[in-house]
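These notes concern the structure reproduced below.
Residue numbers (this note's numbering): 894 to 1447.
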């Protein structure tokens, strides 16, 4: 038995606050599986055999019988949008599981409109045109018929494409004569707006939507965070703080923490895109990377370099399939990206920038290399968020420069078939090469990009183990990893991506006592069992039970 270094010297055998026993406890890929775990004052006190840990049980110790279930470190969703997740949970749900065809999607919007005051906005998210029966994006006229008295914005699952009805376009000042902004798309057919806006072209619509109040933001943080706890997720990264509430989101996070309404450990990634960046205000306030504590910390700066592959806006070197020969959307010039990266790097920030297509990844790696060459820092750990269509040559440069991918393997499950449709099999199947990144020592973390995908970790685990899409398409089986590696990506590597691997991500003495207990043993379960029949039963944060499915059901 190994005791925590924090054990006081005058107590040879401290009494644990909490003990977990009678089930496999996966402590980390290199730490193995133990029979029992003791927690004291929010930290792991000791791990070992059941008999060894029994010696730490006293009259005040709470003992949890795992009943054969698997316990692991709390999961770390290394890329999601917590504010947006919580707020969109109150929007019209357009996900394929809820609205599988266009008629049901329009009906859901019509039902919301029937109970909404005329003139108030109706927001909806989650549709995927490749999964609709029509195989296309909805048209603005269809949204007009569903909600004739309300402005409507329907956001594609990827978050990079929106469909607006006529009232929304009018409020945003967008018509057939509106120029397409750099890094954006305003679609027309036969000289008329279809309602589709992509990337930067959506800014006028967002500007027309009333900005959320601080209470709205805190409610979103709390709602989204509680949902994460129910999935065994105890840590997350909010991937673009400032998107909805500008600098007010910083205030909302601190208020949520102060008022006990921040359910999960959150690593804030600051929106850095020019015109809406919160970085100047944060830097002036002294909020640089590493500022904060284990519960709420300023992490990195986020720039968007392109869009999504399924939405045909990820920036590629070769064109997508189709007559238009588009290569996606380049959000910024090389010079602008290099200038913004250099500025954040010099200020001391870690960067975690969005780049999915190989052209965008190339642009970002080059910018990182130039910043690191001018101002060396061997442990800055700049990240490439998503990094979906990277090349072997780019991987070599990432290893040399200390640049790390932060992918979302669940994209393969949810969108893999769409990638095949828009790019062809040869280019699509090799996307998100997790096995390659593991073998290169690039320590890939994983996450969901929620609300792009549901933060439910089990489709993510399933995809890492099988490389199968929801339809069963195998996306390059050579890129599968083992369950130990999948857990490592969700725990240890998540902590590493946030420079917190010395305090969380493993269940070893002295580390934060964040634990997830699952309904079955993931280490021995078949991938299909993990996908369909597994749930989180218990979540522990800082040594305290914060989610108990049995108690909730009772």
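Every residue gets a Cβ at the ideal spot worked out from N, C-alpha and C, and that includes glycine. No experiment lies behind these values; they were computed from the predicted model shown.
Tell me which residue opens and which closes the beta strand (DSSP E) that residue i is part of.
| i | result |
| --- | --- |
| residue 1197 | Counting along the chain, residue 1197 falls outside any beta strand (DSSP E), and DSSP gives it neither H nor E. |
| residue 1080 | 1077-1082 |
| residue 1092 | 1085-1092 |
| residue 927 | 925-933 |
| residue 1362 | That residue, residue 1362, is in no beta strand (DSSP E); it is neither H nor E in DSSP. |
| residue 1020 | 1015-1020 |
| residue 938 | 936-941 |
DSSP beta-bridge partners for residue i?
| i | result |
| --- | --- |
| residue 1128 | 969 and 1158 |
| residue 1278 | 1247 and 1299 |
| residue 912 | 931 and 956 |
| residue 1433 | 1408 and 1438 |
| residue 1191 | 1161 |
| residue 1056 | 1047 and 1089 |
| residue 963 | 1411 |
| residue 921 | 925 |
| residue 1185 | 1190 |
| residue 1367 | 1361 |
| residue 1332 | Answer is none; residue 1332 lacks a bridge partner. |
| residue 1098 | Per DSSP, none; premise fails for residue 1098. |
| residue 986 | 1018 |
| residue 1313 | Bridge partners of residue 1313: none, in fact. |
| residue 1134 | 1163 |
Contact defined as beta carbons within less than 8 Å: I believe residue i pairs with residue j. What is the distance between those atoms, to the nearest angstrom?
| i | j | result |
| --- | --- | --- |
| residue 1132 | residue 1110 | Not confirmed; about 15 Å, so no contact. |
| residue 1017 | residue 1048 | 7 Å |
| residue 1414 | residue 930 | With a Cβ gap of about 16 Å, residue 1414 and residue 930 do not count as contacting. |
| residue 1206 | residue 1092 | 6 Å |
| residue 965 | residue 1402 | Contact doesn't hold; Cβ gap of about 17 Å is too wide. |
| residue 1050 | residue 1026 | Residue 1050 to residue 1026, Cβ: 16 Å. No contact. |
| residue 1105 | residue 1137 | 6 Å |
| residue 1432 | residue 1409 | 6 Å |
| residue 1162 | residue 1193 | 5 Å |
| residue 1211 | residue 1171 | About 35 Å separates the two Cβ atoms, so there is no contact after all. |
| residue 1372 | residue 1327 | 5 Å |
| residue 1124 | residue 917 | Going by Cβ atoms, the distance from residue 1124 to residue 917 rounds to 20 Å, so no, they are not a contact pair. |
| residue 981 | residue 1344 | 5 Å |
| residue 1399 | residue 921 | 4 Å |
Using the Cβ count rule (16 or more neighbours within 10 Å means buried), how would you classify residue i?
| i | result |
| --- | --- |
| residue 1029 | exposed |
| residue 902 | In this predicted model, residue 902 has a pLDDT of only 45, less than 50, meaning its place in the structure is not dependable; the value taken from the coordinates is given anyway. Looking at its Cβ environment, which holds fewer than 16 other Cβ atoms inside 10 Å, residue 902 is exposed. |
| residue 1437 | exposed |
| residue 1428 | exposed |
| residue 1113 | buried |
| residue 1012 | exposed |
| residue 1430 | buried |
| residue 1044 | buried |
| residue 1425 | exposed |
| residue 991 | exposed |
| residue 1134 | buried |
| residue 904 | For residue 904, the predicted structure reports a pLDDT of 49, less than 50, and the residue's modelled location is therefore unreliable. A value from the coordinates is still provided. It counts as exposed. |
| residue 1332 | exposed |
| residue 1239 | exposed |
| residue 969 | buried |
| residue 1356 | buried |
| residue 1033 | buried |
| residue 913 | buried |
| residue 1419 | exposed |
Taking the alpha helix (DSSP H) that residue i belongs to, which residues open and close that run?
| i | result |
| --- | --- |
| residue 1230 | 1227-1239 |
| residue 977 | 975-981 |
| residue 1349 | First-last for residue 1349: undefined, no H or E at that position. |
| residue 1176 | 1172-1177 |
| residue 1383 | 1376-1383 |
| residue 997 | 995-1007 |
| residue 1117 | 1107-1122 |
| residue 1037 | 1033-1039 |
| residue 1141 | 1141-1151 |
| residue 1420 | 1420-1426 |
| residue 1319 | 1318-1322 |
| residue 1288 | 1285-1294 |
Using 8 Å as the cut-off, classify the Cβ of residue i as near or not near the heavy atoms of the ligand NAP, replying yes or no.
| i | result |
| --- | --- |
| residue 1423 | Questions concerning the ligand NAP fall outside what the structure shown contains, since it holds no ligand whatsoever. |
Item to check | Cβ pair count under 8 Å reaching 3, the region 1086-1093 against the region 1048-1063 | outcome: yes
Next on the checklist: Across the region 1030-1050 and the region 996-1016, are there enough close Cβ pairs to call them in contact, namely three or more that are closer than 8 Å?
Outcome noted: yes
Item to check | the region 1114-1130 touching the region 954-961, judged by at least three CB pairs closer than 8 Å | outcome: no
Checklist entry - Can we say the region 1224-1232 touches the region 1278-1289, given the rule of at least three CB pairs closer than 8 Å? => result no
Next on the checklist: Count Cβ pairs between the region 1373-1386 and the region 1331-1347 that sit closer than 8 Å; are there 3 or more?
Outcome noted: yes
Item to check | contact_flag[the region 1270-1283, the region 1240-1257] where n(CB pairs < 8 Å) is 3 or more | outcome: yes
Item to check | Sufficient close CB pairs (3 or more, under 8 Å) joining the region 1180-1190 to the region 1215-1227 | outcome: no
Checklist entry - Is the region 978-989 close to the region 936-955, with three or more CB pairs under 8 Å? => result no
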